[in-house]
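A short write-up of the structure that comes next.
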Amino acid sequence: MSARTNRHRPSRPLKPLSDARPRVWPNSFRWMLSGYIIVSLVLFSASLYHSYYAALITRLQSTTSWEAHSPALSGINPLSPSARLDKLVSLRPPPIHFGPFTNRPVVDPHSHEVTACLWTTENNLDWVPSWTNDWLGPTSIVVVTHLPPATTRAPHPALTRLLHHPKLNASRLALHLLYLDPATPEAPNVFLNLARLFASTRTVLLVPGTPKPPPHSSIPSLYIAYVRDPVVVRVAAPGPRTVIAINKGRSATPAVLSPVLILRDHPLWCTERFAFAPAPSAPRAADWDACLWQVQLETFGAAASDGPTLQGWRWNVEPEPADLALLSVSLTSAIRRRLDVRYRVETCVLAIKRLEVLGEEWRSGGRGRVGARLGRKSTEKMRWLHEICRQWSHGG
Numbered sequence: 001m002s003a004r005t006n007r008h009r010p011s012r013p014l015k016p017l018s019d020a021r022p023r024v025w026p027n028s029f030r031w032m033l034s035g036y037i038i039v040s041l042v043l044f045s046a047s048l049y050h051s052y053y054a055a056l057i058t059r060l061q062s063t064t065s066w067e068a069h070s071p072a073l074s075g076i077n078p079l080s081p082s083a084r085l086d087k088l089v090s091l092r093p094p095p096i097h098f099g100p101f102t103n104r105p106v107v108d109p110h111s112h113e114v115t116a117c118l119w120t121t122e123n124n125l126d127w128v129p130s131w132t133n134d135w136l137g138p139t140s141i142v143v144v145t146h147l148p149p150a151t152t153r154a155p156h157p158a159l160t161r162l163l164h165h166p167k168l169n170a171s172r173l174a175l176h177l178l179y180l181d182p183a184t185p186e187a188p189n190v191f192l193n194l195a196r197l198f199a200s201t202r203t204v205l206l207v208p209g210t211p212k213p214p215p216h217s218s219i220p221s222l223y224i225a226y227v228r229d230p231v232v233v234r235v236a237a238p239g240p241r242t243v244i245a246i247n248k249g250r251s252a253t254p255a256v257l258s259p260v261l262i263l264r265d266h267p268l269w270c271t272e273r274f275a276f277a278p279a280p281s282a283p284r285a286a287d288w289d290a291c292l293w294q295v296q297l298e299t300f301g302a303a304a305s306d307g308p309t310l311q312g313w314r315w316n317v318e319p320e321p322a323d324l325a326l327l328s329v330s331l332t333s334a335i336r337r338r339l340d341v342r343y344r345v346e347t348c349v350l351a352i353k354r355l356e357v358l359g360e361e362w363r364s365g366g367r368g369r370v371g372a373r374l375g376r377k378s379t380e381k382m383r384w385l386h387e388i389c390r391q392w393s394h395g396g
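Residue 396 is where the sequence shown ends in UniProt numbering, and the numbering goes up by one at each step.
Put into structure tokens, the structure is as follows:
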């Protein structure tokens, strides 16, 4: 009976057999996997935020950093042209127009090259092509013209001819065109300061004359010179000295029209106080002599002995004055001499007072050998100042 009953009872469906068994992960592995996911999310979020923040800072600082490193931009850009000229130069009557970078060089502003800074007139451009090829670094030239421009954007005929000269190396040349009023006298130091202000590199060589560049064999000495304070370039090795000196190698008077190697952003700039009273003869040498006087006082005579020597360079070249009628003006000569004496007396007094204050600080702040060494340096500098300033104090 039971067998019959079991025969007619419907059979239950069979479940398919499966070899897979449910895996049970260890708790330690679960914690490791969770920690890995959390750390990955944190690192990914931090990397994404850092990239966004860096891009934002770069975009915000792009304008200021470019102005800080590019010689072509300046903080005076928002000013009107007349306001810019008033801040740039001290000429009276003021210039009509100033066009910086009429030709822009292809130069890395962070390079260690030395930019030669010169100035010339529109009628004296024949030497520029050879200079751009013989000089190993960039060149910044201010071209002065008394011809009124037709428009501020009209190309100057003389510069147009120069830029189309077949031997001109325009990629190394920065040209700046300065239109002067016909009544404005030439001021060599003003023009050199402009050329330096718009120089392409951090180190510049101020060349007051219009010479041929130095020989290639001597130019590398400019690049290896460590420039912190201005130094005067010498054309030959120093010989027996007949000028005032306070110690070995520190002379009191550099040669006429000696170039100066200086940092573009150094606080010392050539004086422009004689711009309204040009020298009747040799105006470049007269103005530059006042600048060399500044350099000597700034370095206490060390600039004339610490500078590099360029053998075989004839740099003491002064062009003929544009206005020969000035040679007969004796009143201008007398005024200029009087102003020059007064200028040197004033600068001597200020230099001596400054050194006296610094000497007191050194003596009070120094101890032992350091104090003695600073005291000796202060005494040597004071002796040099008194010796070189004595002639001008008596003359004033």
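Where a beta carbon is used, it is the ideal one built from N, C-alpha and C, also for glycine.
Opening and closing residue of the beta strand (DSSP E) in which residue i lies
| i | result |
| --- | --- |
| Val-114 | 114 to 121 |
| Asn-133 | Segment 128 to 134 is the alpha helix (DSSP H) holding Asn-133; no beta strand (DSSP E) there. |
Whole-angstrom distance between residue j and residue i, CA atom to CA atom
| i | j | result |
| --- | --- | --- |
| Asp-229 | Trp-127 | 30 Å |
| Glu-272 | Thr-121 | 19 Å |
| Leu-118 | Val-260 | 12 Å |
| Ser-90 | Ala-275 | 7 Å |
| Val-233 | Ser-305 | 9 Å |
| Arg-342 | Thr-145 | 31 Å |
| Pro-185 | Ala-277 | 8 Å |
| Ala-290 | His-50 | 55 Å |
| Ser-333 | Ala-187 | 15 Å |
| Leu-355 | Leu-385 | 9 Å |
| Ser-218 | Leu-331 | 43 Å |
| Thr-102 | Val-357 | 46 Å |
| Pro-129 | His-112 | 23 Å |
| His-176 | Asp-287 | 21 Å |
| Leu-147 | Pro-182 | 8 Å |
| Tyr-52 | Leu-43 | 14 Å |
| Gln-294 | Ala-170 | 33 Å |
| Ile-96 | Pro-155 | 15 Å |
| Arg-313 | Ser-258 | Before going on, a small fix: residue 313 reads as Trp here, not Arg. C-alpha separation (whole angstroms): 11 Å. |
| Thr-64 | Pro-109 | Only weak support exists for where Thr-64 lies, its pLDDT of 42 falling under 50; the value from the coordinates is given anyway. Going from the Cα of Thr-64 to the Cα of Pro-109 covers about 15 Å. |
| Cys-389 | Leu-159 | 44 Å |
| Asn-123 | Ala-195 | 18 Å |
| Ile-141 | Leu-205 | 12 Å |
| Arg-264 | Arg-344 | 24 Å |
| Lys-212 | Ala-46 | 60 Å |
| Gln-296 | Leu-48 | 57 Å |
| Thr-132 | Leu-41 | 59 Å |
| Thr-379 | Ile-352 | 11 Å |
| Arg-172 | Phe-191 | 19 Å |
| Leu-310 | Leu-222 | 9 Å |
| Lys-381 | Leu-292 | 17 Å |
| Pro-149 | Pro-283 | 26 Å |
| Cys-270 | Thr-210 | 18 Å |
| Asp-340 | Thr-299 | 20 Å |
| Arg-161 | Trp-135 | 21 Å |
| Leu-125 | Val-207 | 15 Å |
| Val-114 | Gly-307 | 14 Å |
| Pro-94 | Lys-377 | 44 Å |
Residue(s) in a DSSP beta bridge with residue i
| i | result |
| --- | --- |
| Pro-143 | According to the sequence as given, residue 143 is Val; it is not Pro. Looking at the DSSP assignment, Val-143 forms a beta bridge with Thr-120 and Leu-177. |
| Leu-206 | Cys-117 and Val-260 |
| His-97 | Tyr-179 |
| Arg-234 | Thr-309 |
| Asn-103 | Leu-175 |
Unbroken alpha helix (DSSP H) run spanning residue i, endpoints
| i | result |
| --- | --- |
| Thr-299 | 283 to 299 |
| Pro-188 | 188 to 197 |
| Pro-157 | 157 to 163 |
Residue i: CB within 8 Å of a non-hydrogen atom of the ligand GTP
| i | result |
| --- | --- |
| Thr-115 | Although the ligand GTP was asked about, the structure shown includes no ligands whatsoever. |
Problem set entry | At least three beta-carbon pairs within less than 8 Å, the stretch 159 to 168 to the stretch 191 to 209 | no
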